[in-house]
Amino acid sequence: MLKDPLRLPDDIREAIVAHAENCAPNECCGLLASDDAGRVRFAYPLTNCQPSPLTYTVDPDEHFAALQHAETRGWTLSGAFHSHPKGPPTPSVIDVQKALEPDWVYLIVGDGELRGFRIRDREAVEVELV
Numbered sequence: 026m027l028k029d030p031l032r033l034p035d036d037i038r039e040a041i042v043a044h045a046e047n048c049a050p051n052e053c054c055g056l057l058a059s060d061d062a063g064r065v066r067f068a069y070p071l072t073n074c075q076p077s078p079l080t081y082t083v084d085p086d087e088h089f090a091a092l093q094h095a096e097t098r099g100w101t102l103s104g105a106f107h108s109h110p111k112g113p114p115t116p117s118v119i120d121v122q123k124a125l126e127p128d129w130v131y132l133i134v135g136d137g138e139l140r141g142f143r144i145r146d147r148e149a150v151e152v153e154l155v
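Heads up, the sequence shown is in this note's numbering, so the first residue is 26 and it goes up one at a time.
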């Protein structure tokens, strides 16, 4: 069952995929910011401060800087993205456990594809990306 579609501008989609390619063979990570209407306005490609092909940890200083940048523009952080360099773009058990923001969208790059999910109460539901 797919949730309501998420409009993801082409330039933001391309930036996320490029970040994944640049970080390979390790997972990439980053955050998304949206405006009051829920439109994704910006992708923050961040540092995986514990580089690994199986997991990621967002650099806390960069997370805070992204939050400040978004707030100065009237946006809110609305999601996160990362890659699965050696697997499909579906949430792993670890991804579901680490998803602490129930209103966020979680984007995953893997196998040359980008997919989105809402993760709430340890359940991942796919979101159509348009």
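A virtual CB, placed ideally from N, CA and C, is assigned to each residue, including glycine. Quantities reported herein were computed from a predicted structural model and do not represent experimental measurements.
Contacting residues, own chain, Cβ-Cβ under 7 angstroms from residue i (five flanking each side not counted)
| i | result |
| --- | --- |
| residue 92 | 102 |
| residue 149 | 116, 121, 142 |
| residue 80 | 52, 119 |
| residue 139 | 38, 41, 42, 114, 132, 154 |
| residue 66 | 58, 59, 60, 100 |
| residue 73 | 48, 51, 52, 53, 54, 81, 82 |
| residue 44 | 53, 55, 70 |
Chain-order list of residues whose beta-carbon lies under 6 angstroms from that of residue i (same chain, five-residue window excluded)
| i | result |
| --- | --- |
| residue 104 | 57, 129, 130 |
| residue 112 | 135 |
| residue 106 | 41, 55, 132 |
| residue 75 | 82 |
| residue 110 | 49, 50, 78 |
| residue 31 | 130, 141, 152, 154 |
Cβ neighbour criterion (16 or more within 10 Å) applied to residue i
| i | result |
| --- | --- |
| residue 77 | exposed |
| residue 152 | buried |
| residue 125 | exposed |
| residue 47 | exposed |
Continuous beta strand (DSSP E) stretch holding residue i: start and end
| i | result |
| --- | --- |
| residue 138 | 138-145 |
| residue 54 | 54-59 |
| residue 66 | 65-71 |
| residue 101 | 101-109 |
Spatial neighbours of residue i in its chain, beta-carbon cut-off 8 angstroms, leaving aside the 5 residues before and after
| i | result |
| --- | --- |
| residue 86 | none |
Cβ distance (whole Å) where residue i is taken to contact residue j below 8 angstroms
| i | j | result |
| --- | --- | --- |
| residue 52 | residue 108 | 5 angstroms |
| residue 127 | residue 145 | 4 angstroms |
Assigned secondary structure, residue i (DSSP; H/G/I helix, E/B strand, else coil)
| i | result |
| --- | --- |
| residue 149 | strand |
| residue 85 | helix |
| residue 125 | coil |
| residue 33 | coil |
| residue 92 | helix |
Residue i - containing alpha helix (DSSP H), residue span
| i | result |
| --- | --- |
| residue 130 | That residue, residue 130, is in no alpha helix (DSSP H); its beta strand (DSSP E) goes 130-135. |
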